[in-house]
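The listed protein sequences derive, respectively, from chains Y and H.
Per this note's numbering, the very first residue in the first sequence carries number 57; after that it's consecutive.
Per this note's numbering, the very first residue in the second sequence carries number 2; after that it's consecutive.
Where is the CB? At the ideal position from N, CA and C, for every residue including glycine.
Fair warning: this is a prediction, and the values are worked out from it, not measured in the lab.
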Amino acid sequence: MKKKLLSALIMVMLSISLVACGGNQMNSDSDSTQSQTDNENASEEIITIHVFTGLADRKTGTGLIEEILFEQYMKENPNIKIEVEALDGETYKTKFKAYATSSEMPDLLGVWGQPAFINEIIDAGLLAELNPEDYKDYGFVKGALDGFSKDGKLYGLPRSTDIMGFYYNKAIFEENGWEVPKTYNELIELAGKIREAGLIPVSMDGADKWPLAIYLNDLIAKIDGDNGDKISQSIANGDFSDPTYKKAAELLRKSVEAGLFQNGFETTDYATAFNLFANGQAAMYYMGNWEMSIATNPDVLPEIRENIGVFAMPEVEGGKGKVTDIAAWNGVGYSISANSPVKEEAIKLLNYMMKPENLSKLTWQNGVGMSAQDYSGYLTGDETVPQKIFTNILMEATSITGTPINDLGTSAFKTVCEDLCQELAIGAITPEEFIQKLEEATK
Amino acid sequence: MKKLYSNKWIILSLVIPGIITFVFAILTPILLSLYYSLTDFAGIGKANFIGFENYKNLIKDKVFWVSLRNSLFLALGFIFIQHPIAIITAAILDKLQGKAEGFFRTIYFIPNVISVAIIAYLWKFIYNPNFGLLNNILKLFGYTNEINWLGKGMAIWSVIIVLIWHGFGWGMLIYYAGIKNINPILYEVAAIDGADAKTTFLKITLPLMKPVIQVNVTLAIIAALKQMETVYLLTNGGPGNETQFLANYLYKQAFNSFKYGYGNAISVVFIIICLASTIILNKIFSEKEYA
């Protein structure tokens with residue numbers, strides 16, 4: 057008995073030590089590849105660059121353009137292997153933070169050049185510094201790199217210029233004899249008429265909350281005109297006593313009461329809000345220019361996608377802002393992980409992608425958005441209606457808001473601010489309470 | 002053999018895997034949580050020790066209390082709505098016999114087999130005020146008001162109904178197994194004595210099911226407290242924070258607001274509440290057994 061047990065014990069010990077050896081073997085293997093990639097003369101070795109991107113759709117839109125560029129790059133550099141992990145919007149941000157907490161980041165990262173997202177990551181030293189000299193000839197528009205810079209150092213590059221606007225269904229408008237509203241009151245009036253016709257006036261993604269915050273920011277711009285960095289100041293000082301904020305809040309609440317958005321907008325998520333418009337159930341859709349590819353999206357019915365118009369948030373009566381004071385910013389972009397074992401290679405890949413003739417040109421000519429670079433050299437004359445209008449809106453802009461209010465503070469402020477915008481919109485809190493709680497959130 | 006077991010080293014070697022698992026997978030995380038709950042750790046960067054600041058804020062945090070209240074609502078919903086129905090259904094299933102028994106048993110368990118993500122989206126569409134199934138059914142009966150099921154004031158009830166519906170199969174299955182374990186002779190004897198279905202259920206089934214009920218109720222309360230995934234996918238606590246639940250709120254604070262320390266404070270309180278409710282439940286049930 058004793059012998060049997062002993063031999064069994066020895067067997068167990070042996071197998072454990074064997075497993076341990078195996079583990080060691082594997083560890084030393086990966087160690088050696090790592091040191092090889094660190095080595096300069098590793099040209100024959102396959103170098104894997106891990107890309108983490110917030111564009112889950114790899115078949116259309118900017119996701120497709122990323123894929124095209126990665127393919128090209130791998131063809132030109134046979135020793136590079138690019139592995140992509142893609143998640144959508146909010147899920148992406150969550151996973152990104154999980155990565156950030158574990159300090160094991162992929163090499164090339166999709167980021168938002170906005171304080172609420174990027175500041176904490178920069179402060180933790182997770183992003184690699186880029187050399188601004190490299191991008192002198194890249195044609196980035198004025199101020200585009202600001203959001204990706206901190207204390208004079210550059211940590212990322214913007215991929216797009218984002219502009220908010222109302223997409224509208226021209227066919228529905230024409231059938232009913234509706235006009236594009238010139239003022240905000242006209243928009244509210246129009247909403248009543250659209251409701252009478254049994255349609256949803258404006259499809260709104262209220263579940264994700266940030267579109268509501270941007271909407272509020274858009275209203276602030278129309279009330280105030282060019283207000284410089286007033287909102288940043290208000291957040292820094294915890295002082296929202298400026299009447300603009302309350303007026304914008306009242307206007308948002310009034311719009312909801314007038315039935316501007318669909319019933320249950322606060323529980324309608326991104327995809328559902330988009331579909332309400334794309335299926336013709338809603339006459340308008342408040343969203344950014346990154347959805348301009350709706351005009352060529354094969355999943356959208358032709359009678360809808362060929363009849364899409366766009367207009368910017370109309371002027372607010374009594375407001376100082378003009379229709380050309382627009383809600384726009386350079387939000388999304390890319391950064392490189394500071395601790396990446398293949399940092400140099402990842403930066404090379406980034407620089408390749410961001411060359412004007414690559415991402416900027418492809419983005420424009422595929423009608424999926426507007427880059428943060430000067431793309432005027434790539435106009436083809438065959439642009440879709442939303443492309444033309446958004447370009448016009450941007451060209452004629454007298455001021456742009458920059459990063460919207462929810463993204464101007466810390467990430468804790470962002471959460472509270474977005475919650476408050478939703479609660480304000482559904483009438484759970486009054487505009488006065490909104491202001492008061494917003495001030496509390498800055499503390 | 003006896004000699005072998007009196008050797009302390011042998012005992013140690015047999016116990017150690019369990020101890021290691023417990024220490025590293027359960028105890029260490031809890032202690033780390035406790036430590037981080039006393040800091041202002043932001044997930045990344047440095048953690049500063051701030052004493053009980055997080056706990057003080059927690060007491061003042063309205064959303065925390067709303068989350069706790071919602072979790073309690075859900076627990077009550079489980080105990081007073083889901084479980085009575087589950088026991089009765091299980092008893093009826095037991096009486097059905099034959100093919101019908103297997104058929105209905107499967108039907109009732111299906112919601113548990115489907116992934117939570119699909120369940121959440123399914124109900125999101127059912128509840129949708131613009132094109133949802135529920136409002137369309139109501140329209141057939143002449144209600145043309147588009148009810149916003151997940152909107153202000155309604156949302157928490159809509160969410161609780163989904164959770165009750167989703168967890169029903171599990172509860173029922175455990176009760177069903179419990180009923181199957183009751184000696185059928187008891188029922189035969191009762192039948193000979195002229196007891197009707199109601200009396201047999203109340204006098205035989207229910208008393209003999211007491212241990213099963215105890216397990217099930219404890220499980221239900223813990224499930225209610227740690228409810229997260231369905232709520233996250235269905236409303237993510239919205240509108241505002243109306244349908245916020247403890248686990249989801251913890252997640253939101255830690256991973257959306259980057260208040261990792263605060264999130265850990267919530268989780269510590271969360272563990273205490275879970276432990277306390279388990280102890281209280283055990284007390285209640287054990288007292289009854291002696292009575």
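Span separating the alpha-carbon of residue i from that of residue j
| i | j | result |
| --- | --- | --- |
| H:Y263 | Y:I456 | 36 angstroms |
| H:L220 | H:V160 | 19 angstroms |
| Y:I256 | Y:G483 | 20 angstroms |
| Y:D503 | Y:L406 | With chain Y running from 57 to 499 in the structure shown, residue 503 of chain Y is simply not present. |
| Y:D261 | Y:A247 | 17 angstroms |
| H:A101 | H:Y177 | 14 angstroms |
| Y:R361 | Y:M426 | 19 angstroms |
| Y:E132 | Y:N414 | 14 angstroms |
| Y:P188 | Y:L210 | 7 angstroms |
| H:I148 | Y:K310 | 20 angstroms |
| Y:E230 | Y:L308 | 27 angstroms |
| Y:A263 | Y:I250 | 23 angstroms |
| Y:N135 | Y:P397 | 16 angstroms |
| H:I80 | H:Y128 | 24 angstroms |
| Y:F126 | H:L151 | 42 angstroms |
| Y:F108 | Y:V167 | 9 angstroms |
| Y:A292 | Y:I491 | 15 angstroms |
CB contact below 8 angstroms: residue i versus chain H
| i | result |
| --- | --- |
| Y:I177 | yes |
| Y:D475 | yes |
| Y:E322 | yes |
| Y:I256 | yes |
| Y:L308 | no |
| Y:E362 | no |
| Y:E479 | yes |
| Y:A305 | no |
| Y:R153 | One point to set straight first is that residue 153 of chain Y is Lys, not Arg, in the sequence displayed. With 8 angstroms as the cut-off, Y:K153 counts as an interface residue toward chain H. |
| Y:A263 | yes |
Contacts of residue i in chain H (Cβ-Cβ under 8 angstroms)
| i | result |
| --- | --- |
| Y:I482 | G152, K153, P240 and G241 |
| Y:K209 | Near Y:K209 there are no residues of chain H at all, since even the closest Cβ is about 17 angstroms away, more than 8 angstroms. |
| Y:A200 | Residues of chain H passing the Cβ test: none, with the nearest at roughly 26 angstroms. |
8 angstroms Cβ cutoff, residue i in contact with chain Y
| i | result |
| --- | --- |
| H:P185 | no |
| H:G19 | no |
| H:T29 | no |
| H:T236 | yes |
Three-state secondary structure assigned by DSSP to residue i
| i | result |
| --- | --- |
| Y:E139 | strand |
| Y:W420 | helix |
| H:I51 | coil |
| Y:M38 | This structure does not reach residue 38 of chain Y, given that chain Y is present from 57 up to 499, and the question cannot be answered. |
| Y:S288 | helix |
| Y:Q478 | helix |
| Y:Q429 | strand |
| Y:L275 | helix |
| Y:V502 | The displayed coordinates of chain Y run from 57 to 499. Any statement about residue 502 of chain Y would go beyond what the structure contains. |
| Y:W168 | strand |
| Y:N395 | coil |
| H:L39 | coil |
Contacts that residue i makes with chain Y (C-beta to C-beta distance below 7 angstroms)
| i | result |
| --- | --- |
| H:E147 | N319 |
| H:P130 | N319 and G320 |
Contact list for residue i against chain H, beta-carbon separation under 7 angstroms
| i | result |
| --- | --- |
| Y:T150 | F256 |
| Y:T157 | G44 and I45 |
Amino acids of chain Y, ordered along the chain, whose beta-carbon sits closer than 8 angstroms to that of residue i
| i | result |
| --- | --- |
| H:K181 | Under the 8 angstroms cutoff, chain Y gives no residues; its nearest Cβ is about 39 angstroms from H:K181. |
9 angstroms Cβ cut-off: residues of chain H touching residue i
| i | result |
| --- | --- |
| Y:L332 | N131 and F132 |
| Y:S467 | A43, N257, S258, F259 and K260 |
| Y:A368 | Under the 9 angstroms cutoff, chain H gives no residues; its nearest Cβ is about 26 angstroms from Y:A368. |
Amino acids of chain Y, ordered along the chain, whose beta-carbon sits closer than 9 angstroms to that of residue i
| i | result |
| --- | --- |
| H:T231 | Correct list: empty, because the minimum Cβ distance to chain Y is about 14 angstroms. |
| H:L253 | Contrary to the premise, residue 253 of chain H reads as Lys rather than Leu in this sequence. The answer, in chain order, is T471. |
Next on the checklist: Residues of the stretch 161-188 of chain Y in Cβ contact with chain H at a cutoff of 8 angstroms, in chain order, please.
Outcome noted: Within the stretch 161-188 of chain Y, the residues whose Cβ lies closer than 8 angstroms to any Cβ of chain H are, in chain order, E176, I177, D179, A180 and L182.
Next on the checklist: Which residues of the stretch 230-259 of chain Y have a Cβ closer than 8 angstroms to any Cβ of chain H? Give them in chain order.
Outcome noted: Cβ contacts with chain H: I256.
Checklist entry - Listed in chain order, which residues of the stretch 332-351 of chain Y have Cβ atoms closer than 8 angstroms to some Cβ of chain H? => result Answer set for the stretch 332-351 of chain Y: L332 and Q337.
Item to check | Members of the stretch 425-453 of chain Y near chain H, C-beta cut-off 8 angstroms | outcome: Against chain H - using a Cβ distance shorter than 8 angstroms - the stretch 425-453 of chain Y contributes no residues.
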